[in-house]
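Q: Residue numbers (my numbering), protein chains in the order written: chain C, 24 to 435; chain W, 24 to 435. Glycine included, each C-beta is placed from N, C-alpha and C at the ideal position. My questions will all concern the structure given below.
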């Protein structure tokens with residue numbers, strides 16, 4: 024299990040120019056942003072290059088773009104921050120950044136086309152090599168929620184079976200390892216991997232590929248139809264997803280990283296953001312497997328940039344003028360008391376039916392609003408913070424003991 | 024009519040890094056390339072920015088990207104070259120470069136969406152303003168063959184009627200004029216505008232919007248089904264298209280600019296490229312309305328870049344190592360003798376049925392292989408270089424006189 028105390032970081036959304044700032048990289052601005060973030064007590068940033076800038080041709084990985092990523096990593100080091108680097112962006116805040124060699128006349132399946140996949144692995148390896156020297160990169164992620172490109176509701180979905188996705192993820196996670204042998208190499212995905220049977224990233228991929236399981240928690244997708252905006256129940260989603268990630272893993276000690284969580288308006292009202300931070304994070308930080316939390320995001324998207332979903336302009340811990348917001352102060356307070364967090368396994372666990380390890384079929388039973396969720400919430404309402412555990416582990420006393428589980432509840 | 028002698032230029036495809044070189048702009052390399060081109064006797068270059076680099080957000084036109092375009096224009100001036108600038112790329116050599124704010128989750132119709140169109144006009148105006156000061160920009164074009172995005176065979180076609188396209192072109196051509204009052208402001212399109220009734224850019228747009236009519240001549244699209252690769256007939260297409268552009272314009276003196284023509288393998292064998300240059304250009308350069316020729320392209324696309332149609336690696340006047348190719352020497356010879364070209368109207372003209380001025384319907388009758396083409400070729404085979412003239416002009420003796428036409432041939 025991961026070490027105490029939990030780690031706290033932020034997904035870095037540059038204050039000036041959002042990710043378009045890569046094209047006009049100003050390290051002084053990065054330093055300004057990172058200094059402010061370090062000042063909140065955060066220990067790491069997750070950073071995101073843009074794919075078309077890094078690899079504008081299938082055969083061209085720009086040296087200067089790699090150097091830019093490495094320079095940002097160095098600035099983080101100068102500010103006392105560790106760094107997680109994502110490779111394929113890919114999808115960012117409703118925008119898709121896909122290079123011309125994969126689109127339109129050159130459309131290739133980014134998950135299954137052999138030439139595309141080879142090029143993506145080369146990029147992952149090149150980014151790993153570019154950032155390794157600084158020494159503060161603790162994780163590299165294949166890309167930000169790359170599963171979104173394979174969802175049927177995407178405007179231009181890429182067909183990919185769970186088996187094909189597993190191969191793709193294996194390759195992407197393996198590629199940067201030689202350059203970063205000490206770092207985690209991971210993948211990320213939205214909650215569809217946990218709750219939506221149409222998603223080719225399945226719980227088995229989440230819990231076996233890479234050194235830790237990542238969790239992205241967004242109430243606007245996870246809680247639609249379960250409760251209304253403003254409901255205090257929204258703040259329980261993160262703990263639920265984290266417990267699900269712990270309970271789905273065959274390895275009882277597998278770390279879980281809450282890699283994205285944010286307080287999106289109007290689901291979370293502006294004056295409720297600080298409380299949402301504390302209410303979302305405090306419960307889950309006690310679980311021994313929790314590596315840490317990386318908040319989404321560092322800075323509000325500037326109003327000078329348009330076409331974003333409205334909520335993206337208010338997700339920051341810091342506003343577009345550089346002022347720390349209530350959510351920023353709330354996370355700083357949480358960090359200040361993080362030494363006092365007691366990591367304790369939960370004795371009571373709700374059993375959920377294991378999903379198919381080849382297809383993910385059956386996973387939707389764990390979605391918010393379903394029977395597993397209701398049983399877990401009933402315990403919570405009665406004062407018990409429960410774990411979750413997969414049905415294929417729940418009959419094994421060694422497995423339960425390894426997790427500190429003494430009571431199992433089987434919802435009907 | 025345009026002044027003697029005709030102008031000769033080249034579409035600039037940077038020798039190192041193709042258009043990806045904008046991201047790592049090295050003005051010394053541009054200077055090297057332009058020096059070589061000026062050495063062939065060329066008087067201008069046509070240059071192409073990449074839209075996602077210039078305008079990565081609908082509300083963000085990057086100052087530094089505009090400065091880069093202006094710097095390249097300045098290097099051209101330093102090398103004694105004039106410049107034509109294209110705004111929206113858009114489509115380049117099989118690749119589409121479209122910013123994220125117009126694709127995927129943010130797909131908008133680039134021709135009809137009011138917010139998109141407003142942003143595009145802003146970019147056209149901004150580019151015009153950025154390059155005006157140098158003083159050597161003689162033309163600005165809305166974009167490279169932007170009609171391709173509206174063709175039904177495009178992988179993701181944008182619906183656009185001829186009327187909507189006319190409005191769009193009017194706006195795009197008007198936008199940079201205040202900044203460049205002395206320059207031509209134009210639009211460009213492939214031969215579908217002349218020959219394909221599905222194309223929303225119609226002959227009336229070609230011959231009335233902007234100060235001159237542009238012609239792009241590609242034998243691999245224009246001559247499919249008409250003759251085989253290697254046929255000497257291929258070299259007649261450019262003259263035919265130019266005569267059609269002259270004969271379709273109500274203004275007898277409207278300049279025609281052969282803005283793109285290349286010698287694509289295997290249609291034109293490598294050892295036939297030099298001859299194709301001379302055979303294609305010599306006939307048309309005598310027409311008084313011909314402003315000049317801009318060859319496609321300056322430099323072969325490097326073999327280090329992949330996924331291009333094979334022919335793109337051999338279209339240059341100069342190869343990827345900087346060696347001048349036979350086609351480059353051929354155009355240099357043509358330029359060296361350009362002073363001797365006698366501009367003479369053609370006394371014999373083939374009448375073609377006017378296409379509908381609102382829809383372009385009927386234009387396909389002029390396509391290579393059709394009755395107009397055959398009549399024109401028969402005259403050519405008999406030793407007569409004929410003009411073409413639209414049926415709505417052919418009964419007006421003043422119109423015919425203005426064009427120097429004394430005999431009209433009406434194909435059955």
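Any idea what DSSP makes of residue 210/W, helix, strand or coil?
A: Here residue 210/W refers to the residue found at position 187 when the second chain is read from its first residue. Coil at residue 210/W, not helix or strand.
Q: Check whether the Cβ of residue 21/C lies closer than 8 Å to any Cβ atom in chain W.
A: The question about residue 21/C has no answer, for chain C in this structure spans 24 to 435.
Q: Please say whether residue 304/W and residue 316/W have beta carbons closer to each other than 8 Å?
A: The sequence position of residue 316/W within the second chain is 293, counting from 1. The sequence position of residue 304/W within the second chain is 281, counting from 1. It is a contact, given that the beta carbons lie within the stated cut-off.
Q: What in chain W is Cβ-close to residue 71/C, meaning under 8 Å?
A: Against the first chain, residue 71/C aligns to sequence position 48. The premise fails here: residue 71/C is roughly 13 Å from chain W at the closest Cβ pair, so nothing lies under 8 Å.
Q: Enumerated in chain order, which unbroken segments of the alpha helix (DSSP H) with a length of 4 residues or greater are wholly contained in the region 327–409 of chain C?
A: As far as the region 327–409 of chain C is concerned, its whole alpha helix (DSSP H) runs of at least 4 residues are 349–359 and 394–404.
Q: Residue range of the beta strand (DSSP E) that residue 181/W falls in?
A: Translated into positions along the second chain, residue 181/W becomes position 158. Residue 181/W -> no beta strand (DSSP E), and no H or E assigned at all.
Q: Just the Cα atoms here: how many angstroms apart are residue 64/C and residue 323/C?
A: Locating residue 64/C in the first chain gives position 41, counting from the first residue. Locating residue 323/C in the first chain gives position 300, counting from the first residue. Taking the straight line joining both Cα atoms gives about 19 Å.
Q: Can you tell me whether residue 264/C is buried or exposed, with buried defined as 16 or more other CB within 10 angstroms of its CB?
A: Here residue 264/C refers to the residue found at position 241 of the first chain. So residue 264/C ends up on the buried side.
Q: Cutting at 8 Å between CB atoms, please list the residues of its own chain near residue 96/C, excluding the five before and the five after it.
A: Here residue 96/C refers to the residue found at position 73 when the first chain is read from its first residue. For residue 96/C, where only same-chain residues beyond five positions count, the Cβ hits under 8 Å are 70, 106, 108, 154, 157, 159 and 160.
Q: Find the nearest neighbour of residue 194/C within the set 432/C, 166/C, 217/C and 175/C, judged by alpha-carbon distance.
A: Stepping through the first chain from its first residue, residue 194/C is reached at position 171. When only C-alpha atoms are compared, the closest one is 166/C.
Q: Quick check: the region 365–376 of chain W against the region 326–346 of chain W, are there 3 or more CB pairs under 8 Å?
A: Output reads no: the region 326–346 of chain W does not touch the region 365–376 of chain W.
Q: Assess contact between the region 117–126 of chain C and the region 116–132 of chain W, defined as three or more Cβ pairs (one per stretch) separated by less than 8 Å. Is contact present?
A: Short answer: they touch.
Q: Would residue 217/C pass as a contact of residue 226/C if the rule is Cβ separation under 8 Å?
A: Along the first chain, one-based indexing puts residue 217/C at 194. Along the first chain, one-based indexing puts residue 226/C at 203. In contact: residue 217/C and residue 226/C (Cβ atoms closer than 8 Å).
Q: Going along the chain, which unbroken runs of the beta strand (DSSP E) with 3 or more residues stay wholly within the region 122–196 of chain C?
A: Listed in chain order, the complete beta strand (DSSP E) runs (minimum 3 residues) inside the region 122–196 of chain C are 160–166.
Q: Mind pulling the chain C residues with CB within less than 9 Å of residue 98/W?
A: Working through the second chain from its first residue, we reach residue 98/W at position 75. Near residue 98/W there are no residues of chain C at all, since even the closest Cβ is about 20 Å away, more than 9 Å.
Q: At a cut of 8 Å, does the region 344–356 of chain C reach the region 292–311 of chain C through at least three beta carbon pairs?
A: As far as the Cβ criterion goes, the region 344–356 of chain C touches the region 292–311 of chain C, which means the pair count is three or higher.
Q: Would you verify that the beta carbon of residue 95/W is, or is not, closer than 8 Å to some beta carbon of chain C?
A: Sequence index remark: in the second chain, residue 95/W carries index 72 (1-based). It does not: the Cβ of residue 95/W has no partner Cβ on chain C nearer than 8 Å.
Q: Please confirm whether residue 210/C and residue 189/C have their CB atoms less than 8 Å apart.
A: The residue you call residue 210/C lines up with position 187 of the first chain. The residue you call residue 189/C lines up with position 166 of the first chain. For residue 210/C and residue 189/C, no; Cβs fall outside 8 Å.
Q: Listing by chain order, which chain C residues have their CB less than 8 Å from the CB of residue 83/W?
A: The residue labelled residue 83/W in the question sits at position 60 within the second chain. In chain order: 40, 43, 327 and 328.
Q: Quick one: list the residues of chain W neighbouring residue 13/C, beta-carbon separation under 8 Å, in chain order.
A: Past the edges of chain C, shown from 24 to 435, lies residue 13/C, and the structure says nothing about it.
Q: For the alpha helix (DSSP H) containing residue 430/W, list its first residue and its last residue.
A: Locating residue 430/W in the second chain gives position 407, counting from the first residue. Here residue 430/W belongs to no alpha helix (DSSP H); instead the beta strand (DSSP E) covers 430–432.
Q: Alpha carbons only, please: which of 364/W, 347/W and 326/W is nearest the one belonging to residue 310/W?
A: One-based indexing of the second chain puts residue 310/W at position 287. Measuring from the Cα of residue 310/W, the nearest candidate turns out to be 364/W.
Q: Whose C-beta lies closer than 8 Å to the C-beta of residue 175/W among residues of the same chain, with five residues either side of it excluded?
A: Locating residue 175/W in the second chain gives position 152, where the first residue counts as 1. Within the same chain, residue 175/W has close Cβ partners 221.
Q: Closer than 7 Å by beta-carbon distance: list the chain W residues that pair up with residue 4/C, in chain order.
A: Residue 4/C is absent from the structure shown; chain C starts at 24 and stops at 435.
Q: Under the rule that 16 or more other beta-carbon atoms within 10 Å means buried, what is residue 213/C, buried or exposed?
A: As a working note, residue 213/C is residue 190 in the first chain. With 16 or more Cβ atoms within 10 Å of its Cβ, residue 213/C is classed as buried.
Q: Within the 8 Å Cβ cut-off, does residue 123/C reach chain W?
A: The sequence position of residue 123/C within the first chain is 100, counting from 1. Interface residue, yes.
Q: Just how far apart, CA to CA, sit residue 246/W and residue 430/W?
A: To locate residue 246/W, count along the second chain from 1; it is residue 223. To locate residue 430/W, count along the second chain from 1; it is residue 407. Between residue 246/W and residue 430/W, the C-alpha separation is close to 28 Å.
Q: Using only the alpha-carbon positions, how far apart do residue 229/W and residue 98/C sit?
A: Here residue 229/W refers to the residue found at position 206 when the second chain is read from its first residue. Here residue 98/C refers to the residue found at position 75 when the first chain is read from its first residue. Cα to Cα, residue 229/W sits roughly 53 Å from residue 98/C.
Q: Measure the beta-carbon distance from residue 186/W to residue 180/W and round it to whole angstroms, keeping in mind my assumption that it falls under 8 Å.
A: Stepping through the second chain from its first residue, residue 186/W is reached at position 163. Stepping through the second chain from its first residue, residue 180/W is reached at position 157. Not a contact, Cβ separation roughly 17 Å.
Q: Return the first residue and the last residue of the alpha helix (DSSP H) that residue 99/C is part of.
A: Looking up residue 99/C in the first chain gives position 76. Where residue 99/C is concerned, the enclosing alpha helix (DSSP H) stretches over 86–101.
Q: Going by C-alpha distance, which of 34/W, 55/W and 82/W is nearest residue 72/W?
A: Mapped onto the second chain, residue 72/W falls at position 49. Nearest of 34/W, 55/W and 82/W to residue 72/W, Cα basis: 34/W.
Q: Is the distance from the Cβ of residue 146/W to the Cβ of residue 77/W below 8 Å?
A: The residue you call residue 146/W lines up with position 123 of the second chain. The residue you call residue 77/W lines up with position 54 of the second chain. Yes, these two residues count as a Cβ contact at 8 Å.
Q: Are the CB atoms of residue 279/C and residue 242/C within a distance shorter than 8 Å?
A: Position 219 of the first chain, counted from the first residue, corresponds to residue 242/C. Position 256 of the first chain, counted from the first residue, corresponds to residue 279/C. No, these two residues do not count as a Cβ contact at 8 Å.
Q: Could you check the C-alpha separation between residue 55/W and residue 318/W for me, to the nearest Å?
A: In the second chain, residue 55/W corresponds to position 32, counting from 1. In the second chain, residue 318/W corresponds to position 295, counting from 1. Cα-Cα distance, rounded: 19 Å.
Q: State the start and end residues of the unbroken alpha helix (DSSP H) segment that holds residue 249/C.
A: Along the first chain, one-based indexing puts residue 249/C at 226. First-last for residue 249/C: undefined, no H or E at that position.
Q: According to the Cβ coordinates, are residue 122/W and residue 79/W closer than 8 Å?
A: Stepping through the second chain from its first residue, residue 122/W is reached at position 99. Stepping through the second chain from its first residue, residue 79/W is reached at position 56. It is a contact, given that the beta carbons lie within the stated cut-off.
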